[in-house]
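**Q** The structure follows.
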Amino acid sequence: MDSINRQLVEQLFSPLRATFSPPRPDGGIVLSLLDASDATAYSRVLSAAQRADSQAFIQSLEDIRLELAMRSGNIPADMRKALKEQDSVLSYQTN
Numbered sequence: 005m006d007s008i009n010r011q012l013v014e015q016l017f018s019p020l021r022a023t024f025s026p027p028r029p030d031g032g033i034v035l036s037l038l039d040a041s042d043a044t045a046y047s048r049v050l051s052a053a054q055r056a057d058s059q060a061f062i063q064s065l066e067d068i069r070l071e072l073a074m075r076s077g078n079i080p081a082d083m084r085k086a087l088k089e090q091d092s093v094l095s096y097q098t099n
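Numbering (our numbering) for the sequence shown: 5 to 99.
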């Protein structure tokens, strides 16, 4: 993992701190995101293929960001719009 990718990951997931495991026998690494108390907030294996292909690496990071947003209830506006257009999400109004 080169420093450019580390910087990208750190920027994308701030304030969480990103750590990378040593390569596994299959060539993958574990990306862990740690909170302020150094507890693991999220971890995922990035395969050797995902690390080798910059587009696949970036897509993996975007997938992680979306998953974290959904877990926290902060689905991006463009995703909500797309889901509503597909009739996958109903709009509820509270009084």
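Built from N, CA and C at the ideal position, the CB exists for glycine as well.
So, are the CB atoms of Arg21 and Leu35 less than 7 Å apart?
**A** On the sequence shown, residue 21 is found 17 positions in, with the first residue counted as 1. On the sequence shown, residue 35 is found 31 positions in, with the first residue counted as 1. For Arg21 and Leu35, no; Cβs fall outside 7 Å.
**Q** Measure the CB-CB distance between Ser25 and Ile33 and report whether it falls below 7 Å.
**A** Sequence index remark: in the sequence shown, residue 25 carries index 21 (1-based). Sequence index remark: in the sequence shown, residue 33 carries index 29 (1-based). Going by C-beta atoms, Ser25 is nearer than 7 Å to Ile33.
**Q** Cutting at 6 Å between CB atoms, please list the residues of its own chain near Phe17, excluding the five before and the five after it.
**A** Residue numbering aside, residue 17 sits at position 13 when the sequence shown is read from its first letter. Taken in chain order, the residues that qualify are Leu37.
**Q** Return yes when the Cβ of Ala45 is within less than 7 Å of the Cβ of Gln54, no when it is not.
**A** For this step, residue 54 is matched to residue 50 along the sequence shown. For this step, residue 45 is matched to residue 41 along the sequence shown. Result no, Cβ atoms of Gln54 and Ala45 do not sit closer than 7 Å.
**Q** Helix or strand or just coil, what does DSSP make of Arg48?
**A** The residue labelled residue 48 in the question sits at position 44 within the sequence shown. Strand.
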